[in-house]
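Participant:
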Amino acid sequence: MRVITGTARGTNLKAPDGLSTRPTADKVKQAVFNIIQYEIAGEVLDLFAGSGQLGIEALSRGAAHGVFVDAGKPAIAVIRENLKKTHLEDRAEVVCCDYMTYLANCRKRFRIVFLDPPYAENYLENAIKRISEIDILAEGAIIVSERPLGKPLDEEFSGLVRSKDYHYGKTTVTLFRRERDVL
């Protein structure tokens with residue numbers, strides 16, 4: 324697992340030990356960043372951060388600031404280590420709490436939100452639903468969601484426009500965009 328391009332290009336990243344974290348495969352990460360490469364800017368939220376690799380890739384490619392949220396203390400330690408290794412810690416905030424607690428207290432607005440939760444749970448649907456209910460998405464914001472191939476995901480969430488699904492091996496990536504504000 325490494326940073327693909329940008330200021331931290333080629334830096335190898337550490338993943339938390341054990342089976343509780345499933346890092347995004349480099350092939351999937353490359354595909355995701357090919358899709359959003361011209362839209363990387365502003366604040367980024369890596370909500371189920373794990374190793375922090377998605378948020379770190381975004382920072383390496385020019386995002387202004389990243390917030391990394393994970394409930395696991397071992398994951399938080401790895402995220403901090405990876406940020407230090409990539410020299411991006413000055414543009415990052417690391418938060419140790421569960422995703423719903425973070426969303427309930429969040430007062431920031433994000434340009435990109437990465438959602439790569441544990442596959443066996445219903446965290447993805449709950450996170451997208453909650454994000455659609457609160458005002459944390461900047462104008463033109465993108466939600467990048469990852470789930471196992473074949474796992475259904477609701478077609479509609481209030482205030483969000485769903486793109487097509489992208490399939491990479493056993494992984495499906497779906498992008499949601501904030502609906503344009505009606506004048």
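The sequence shown runs contiguously to residue 506 in my numbering. Positions of the beta carbon are idealized from the N, C-alpha and C atoms, including for glycine.
1. Just curious, the beta strand (DSSP E) that alanine 398 is in, first and last residue?
2. Please classify threonine 330 as buried or exposed, where buried requires at least 16 neighbouring CB atoms within 10 angstroms.
3. For glycine 375, which of helix, strand or coil comes out of DSSP?
4. Quick one: is lysine 352 buried, meaning 16 or more other Cβ sit within 10 Å of its Cβ, or exposed?
5. Taking 8 Å as the threshold, find out whether the segment 465-472 comes into contact with the segment 379-396 through three or more Cβ pairs.
6. Are aspartate 477 and glutamate 444 closer than 8 Å when you measure CB to CB?
7. Check each candidate in Gly333, Glu404 and Arg485 and name the one with the smallest Cα separation from phenylalanine 499.
Facilitator: On the basis of the supplied data:
1. As a working mapping, residue 398 is identified with position 75 in the sequence shown. Taken as a continuous stretch (DSSP letters only), alanine 398 belongs to no beta strand (DSSP E), being part of the alpha helix (DSSP H) at 396-408.
2. Within the sequence shown, numbered from 1, the residue matching residue 330 stands at position 7. By the 10 Å Cβ count, threonine 330 comes out exposed.
3. Position 52 of the sequence shown, counted from the first residue, corresponds to residue 375. Correct three-state label for glycine 375: coil.
4. Against the sequence shown, residue 352 aligns to sequence position 29. With 16 or more neighbouring CB atoms inside 10 Å of its own CB, lysine 352 falls in the buried class.
5. No: fewer than three Cβ pairs fall under 8 Å.
6. The residue labelled residue 477 in the question sits at position 154 within the sequence shown. The residue labelled residue 444 in the question sits at position 121 within the sequence shown. For the pair aspartate 477 and glutamate 444, the CB atoms are not nearer than the 8 Å cut-off.
7. As a position in the sequence shown, residue 499 is number 176, starting the count at 1. The alpha carbon of phenylalanine 499 has as its nearest neighbour, out of Gly333, Glu404 and Arg485, the alpha carbon of Arg485.
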